[in-house]
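In our numbering, each residue carries its 1-based index in the sequence shown increased by 897. All residues carry an ideal CB built from backbone N, CA and C; glycine is no exception. Each remark here refers to the structure printed beneath this line.
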Amino acid sequence: MKRIIESIKDGIAEAIFPSNIYCICCGSLIDGSRQYALCDVCVKKFHWITGRTCEKCGKALPDTYRGRTCYDCMRLDHVFEKGFSCLTYGLHEREVLLDHKYNGKGYLAAKFGDILYDRISCEDIHPDVIIPVPISAGRLKKRGYNQSALMARQLSKRWGVPIDESLLVRRKETTLLRSLNPADRRLALSDAFAVKAEHRLTGKCVLLIDDIYTTGATVDTCSSVLMDAGADKVYVLTLMSGGNRRPKEE
Ligand SMILES: [Zn+2]
Ligand SMILES: [Zn+2]
């Protein structure tokens, strides 16, 4: 029954936003051959991560940078095994992400899920389960959807790896994280997440999905909670990540 409802929903979305006819960013007419339903102009506005990346978190590294990990990973240990990311966060990415999150454009998620799939399916990792970073029940009610879960559903469908959306829960929202330093971010997040039904995680390899990665505080907190509940390993895949910025002298 769930599957029938899902396919009806897909059908409705397809009728309202026929894929590959209009560019998902600017709405101009395109033909079906355009990848991710992006027109030639919009596809170039994104900062696709195709070059060197941080060996730990997956952020893009400039060609001129000599280190193997980014500045953040040099200073901070991570709980997750390894991270992967598709785009470097810039002005255009910011706009698209805000549309996705707040302007009711949840339909962008299917294309983002395709982008995630193309990024991860060529890597040598074999997760047992895909888990999206949850939002709180209150925020879910207000927004109507969790943008990371929508992307993760499409990834799961394409890759054939099951998704579990009820295992990891968010007990509270943590706002204004951006203004905090890494240690305070971690503290603010420390009791924000919890695992339900721990037995489902024992010995499992998890792929955690989020929309944006900055210093990794959110995905590290989720990873600790998942590992404490018995997960064997946690990999992280995000749609976007912040650039490799040199930290200010403290
Ligand atoms: Zn366009
Ligand atoms: Zn890194």
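Apart from the five residues on each side of it in sequence, which residues of its chain come closer than 6 angstroms, Cβ to Cβ, to residue i?
{"i": "residue 925", "result": "936"}
{"i": "residue 1112", "result": "969, 1079"}
{"i": "residue 1031", "result": "1065, 1066, 1067"}
{"i": "residue 1146", "result": "Unreliable placement is indicated for residue 1146, whose pLDDT of 46 sits below 50; the coordinate value is still reported in the next sentence. Cβ within range, chain order: n/a, list empty."}
{"i": "residue 1022", "result": "1132"}
For ligand 2, I want to know if residue i counts as a neighbour, meaning its beta carbon is within less than 7 angstroms of at least one of the ligand's heavy atoms.
{"i": "residue 953", "result": "yes"}
{"i": "residue 983", "result": "no"}
{"i": "residue 966", "result": "yes"}
{"i": "residue 1015", "result": "no"}
{"i": "residue 956", "result": "yes"}
{"i": "residue 969", "result": "yes"}
In terms of residues, what are the limits of the beta strand (DSSP E) holding residue i?
{"i": "residue 1108", "result": "1102-1110"}
{"i": "residue 982", "result": "979-985"}
{"i": "residue 1135", "result": "1130-1138"}
{"i": "residue 1066", "result": "1065-1067"}
{"i": "residue 1091", "result": "1090-1092"}
{"i": "residue 1059", "result": "Element bounds for residue 1059: n/a, residue is neither H nor E."}
{"i": "residue 1028", "result": "1026-1029"}
Shorter than 7 angstroms, the distance from the beta carbon of residue i to the closest heavy atom of ligand 1, or not?
{"i": "residue 925", "result": "yes"}
{"i": "residue 1086", "result": "no"}
{"i": "residue 938", "result": "yes"}
{"i": "residue 920", "result": "yes"}
{"i": "residue 935", "result": "yes"}
If I follow the unbroken alpha helix (DSSP H) through residue i, where does it start and stop?
{"i": "residue 1004", "result": "Element bounds for residue 1004: n/a, residue is neither H nor E."}
{"i": "residue 938", "result": "937-942"}
{"i": "residue 1079", "result": "1079-1086"}
{"i": "residue 1116", "result": "1114-1125"}
{"i": "residue 993", "result": "988-999"}
{"i": "residue 974", "result": "Unbroken run through residue 974: none, as it is neither H nor E."}
{"i": "residue 1038", "result": "1034-1040"}
Might you give, ordered along the chain, the residues of its own chain that have their beta carbon closer than 7 angstroms to the beta carbon of residue i, omitting 5 neighbours on each side?
{"i": "residue 920", "result": "927, 934, 935, 936, 939"}
{"i": "residue 1093", "result": "1063, 1064, 1066"}
{"i": "residue 1043", "result": "1029, 1031, 1032, 1037"}
{"i": "residue 922", "result": "935, 939, 993"}
For residue i and chain B, any beta-carbon pair shorter than 8 angstroms?
{"i": "residue 1106", "result": "Among the chains in the structure shown there is no chain B, since it carries only a single protein chain."}
Specify the secondary structure class of residue i as computed by DSSP and reduced to three states.
{"i": "residue 1053", "result": "helix"}
{"i": "residue 1147", "result": "With a pLDDT of only 40 at residue 1147, under the threshold of 50, the placement of this residue in the model should not be trusted, and no figure is reported."}
{"i": "residue 919", "result": "strand"}
{"i": "residue 1071", "result": "coil"}
{"i": "residue 1046", "result": "helix"}
{"i": "residue 1017", "result": "helix"}
{"i": "residue 946", "result": "coil"}
{"i": "residue 958", "result": "coil"}
{"i": "residue 926", "result": "strand"}
{"i": "residue 1012", "result": "helix"}
{"i": "residue 963", "result": "coil"}
How many whole angstroms separate the CB atoms of residue i and residue j, which I take to be in contact at a CB cut-off of 8 angstroms?
{"i": "residue 948", "j": "residue 957", "result": "6 angstroms"}
{"i": "residue 1137", "j": "residue 986", "result": "5 angstroms"}
{"i": "residue 944", "j": "residue 990", "result": "7 angstroms"}
{"i": "residue 1071", "j": "residue 1089", "result": "5 angstroms"}
What does a CB cutoff of less than 8 angstroms around residue i pick up in its chain, not counting 5 residues either side in sequence?
{"i": "residue 1055", "result": "1010, 1011, 1014, 1018"}
{"i": "residue 1083", "result": "1114, 1117, 1118"}
{"i": "residue 1142", "result": "968"}
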